[in-house]
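One structure below.
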Amino acid sequence: MQDYLNFKKMKKNMGTADRIIRVIIAAIVGVLYFTGTISGTLGIVLLVLAGVFVLTSLISFCPLYAPFGIKTCPMKEKK
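Numbering (our numbering), first residue to last: 629 to 707.
If you want it as structure tokens, here you go:
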């Protein structure tokens with residue numbers, strides 16, 4: 629239950645361009661893997677990485693950005 633509550637606290641740190649680029653890279657890796665261009669251990673590692681890219685794009689949050697304070701999403705002005 630605690631993990632679910634922490635998930636709700638995650639704030640978006642990925643912008644639209646970042647999300648689109650990740651999905652495109654994931655699609656390219658998927659096509660290369662399933663056509664046999666990349667295979668073996670490298671293919672599996674890249675396929676898993678592509679899955680992570682898609683997942684992080686869907687939730688607009690990259691856990692690797694958080695510790696470094698990186699945000700590619702536009703900042704909203706506070707009034």
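Cβ atoms here follow ideal geometry from the backbone N, Cα and C, with glycine treated the same way.
- For proline 695, the uninterrupted alpha helix (DSSP H) run begins and ends at 693–696, by DSSP.
- Inclusion of alanine 654 and valine 682 in the CB contact set at 8 Å is warranted, their separation being smaller than that value.
- Pairing valine 657 with leucine 675 gives a Cβ-Cβ distance under 8 Å.
- Here threonine 669 carries a helix assignment [DSSP, helix/strand/coil].
- Annotation: leucine 660 to valine 680 spans about 17 Å, alpha carbon to alpha carbon.
- Straight across, the Cα-Cα distance linking isoleucine 672 with proline 702 is about 34 Å.
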